[in-house]
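**Student:** For my numbering, add 17 to where a residue sits in the sequence shown, where the first one is 1.
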Amino acid sequence: MSWKIAIVVALLTGIITALVTIPVADHVTRMHGVSDREGARAMGIVFFLAPLALVGGLLLGLLGTKLAGAVEWVQFGRALGVSLGMSVGAVLGIAGLSLLSIPRAPEALGTSLALEVEVLVPRAEVPTDVRTPDVLRMSLYAGDNDNRTVALDTASYREEGDVLVIPATATLFSRAATRILSFHIGTERWLAFDLPLPPEPVANATWSTPAPLRDATTSGANSVWSAVQLRYRVVAGK
Numbered sequence: 018m019s020w021k022i023a024i025v026v027a028l029l030t031g032i033i034t035a036l037v038t039i040p041v042a043d044h045v046t047r048m049h050g051v052s053d054r055e056g057a058r059a060m061g062i063v064f065f066l067a068p069l070a071l072v073g074g075l076l077l078g079l080l081g082t083k084l085a086g087a088v089e090w091v092q093f094g095r096a097l098g099v100s101l102g103m104s105v106g107a108v109l110g111i112a113g114l115s116l117l118s119i120p121r122a123p124e125a126l127g128t129s130l131a132l133e134v135e136v137l138v139p140r141a142e143v144p145t146d147v148r149t150p151d152v153l154r155m156s157l158y159a160g161d162n163d164n165r166t167v168a169l170d171t172a173s174y175r176e177e178g179d180v181l182v183i184p185a186t187a188t189l190f191s192r193a194a195t196r197i198l199s200f201h202i203g204t205e206r207w208l209a210f211d212l213p214l215p216p217e218p219v220a221n222a223t224w225s226t227p228a229p230l231r232d233a234t235t236s237g238a239n240s241v242w243s244a245v246q247l248r249y250r251v252v253a254g255k
């Protein structure tokens, strides 16, 4: 292996790999929903991923030259081709695996699914300022990559007998074996409901039987149940 050829191949491979990495990383990070607030995502790509690709390209350039057995300049093209094939292939392979890890939303006949819930809060436990925004809060956990706030419309709260009904709708963004709905009453009460749904549920317009929420700090056999109840159903997204 000629070191002169190896150095030129390594430099070209590193630069080209870094240039290829920038648009690929931009697309992958967008698909993952990485925030670009104050240019943080772009800076991460330019100042971290691109230099990392440059270093990786340099090393693969040296390896490619060695594998190609380039000892004369006539073999330069073959060495560069081998090096770029390995480096660009590695970038695209990593990007592909990363895209495959993105949660896929369950669907019904090609339409996204949504979870409709109604939380039934006994009148005695309703805060006096219940219609003030953020007094009641809700979120749906479906894995570390899918933990979202559920919007509540205070104008939609309604009374049914001795309970206040809190309706909400949450789009199901991913297939998940575990889904937990959290419900906060003020700043002191945190309740949770373990949704008994399969990873890929089917639409069903029938409401479930109301069931109690547990104290979110307890679980399993040690669960402490509350008087607040919840019913749910899965519907085709609108």
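Note that CB positions come from ideal geometry on N, CA and C, so glycine has one too.
#1: Helix, strand or coil for ARG192 per DSSP?
#2: Taking Cβ positions, are ARG250 and ALA228 nearer each other than 8 Å?
#3: To which residues does DSSP link GLU177 through a beta bridge?
#4: Considering only DSSP beta bridges, list what THR145 is partnered with.
#5: I want to know whether the region 129-145 touches the region 62-69 - three or more CB-CB distances under 8 Å.
#6: For the alpha helix (DSSP H) containing MET18, name the first residue and the last one.
#7: So, with DSSP's three-state summary, where would you put ALA159?
#8: Please look up how many angstroms separate the CB atoms of GLU142 and ALA244, rounded, as I've assumed it's under 8 Å.
#9: Is the separation between the beta-carbon of ALA187 and that of LEU157 shorter than 8 Å?
#10: Output the residue ranges of the beta strand (DSSP E) runs that lie fully inside the region 226-250 and measure 3 residues or longer, sorted by chain position.
#11: Have a look at SER199, ALA168 and TRP20 and flag the residue whose alpha-carbon is nearest the alpha-carbon of THR82.
#12: Between the C-alpha atoms of ALA168 and ASP43, what's the straight-line distance to the nearest angstrom?
#13: Using 8 Å as the threshold, is the C-beta distance between THR34 and SER104 below it?
#14: By the DSSP assignment, the beta strand (DSSP E) with ALA209 in it spans what residues?
#15: Which residues mark the beginning and the end of the alpha helix (DSSP H) in which VAL167 is found?
#16: Taking only three categories from DSSP, how would you classify HIS44?
#17: Return the CA-CA distance between VAL180 and LEU247, expressed in angstroms with no decimal places.
#18: Compute the Euclidean distance between the alpha carbons of ILE39 and LEU109, then round it to the nearest angstrom.
#19: Do you know whose CA, among LEU198, VAL219, SER129 and SER225, lies nearest ARG165's CA?
#20: Is DSSP giving SER129 helix, strand or coil here?
#21: Can you look up LEU82 in the DSSP assignment and give me helix, strand or coil?
#22: Among MET18, ALA70, HIS49 and ALA67, which one has its Cα closest to the Cα of LEU79?
**Tutor:** With the given structure in hand:
#1: coil
#2: no
#3: VAL180
#4: According to DSSP, THR145 bridges with nothing at all.
#5: no
#6: No alpha helix (DSSP H) holds MET18; DSSP gives it neither H nor E.
#7: coil
#8: Contact holds; Cβ gap of about 7 Å.
#9: Yes, these two residues count as a Cβ contact at 8 Å.
#10: 228-232
#11: TRP20
#12: Roughly 30 Å between the two C-alpha positions.
#13: The answer is yes: Cβ separation under 8 Å.
#14: 206-212
#15: Not the alpha helix (DSSP H): VAL167 falls in the beta strand (DSSP E), residues 164-167.
#16: Correct three-state label for HIS44: helix.
#17: Each residue's Cα considered, the two are about 11 Å apart.
#18: 12 Å
#19: Closest option to ARG165, Cα to Cα, is LEU198.
#20: strand
#21: Note that residue 82 is Thr in the sequence shown, not Leu. Here THR82 sits in helix by DSSP.
#22: MET18
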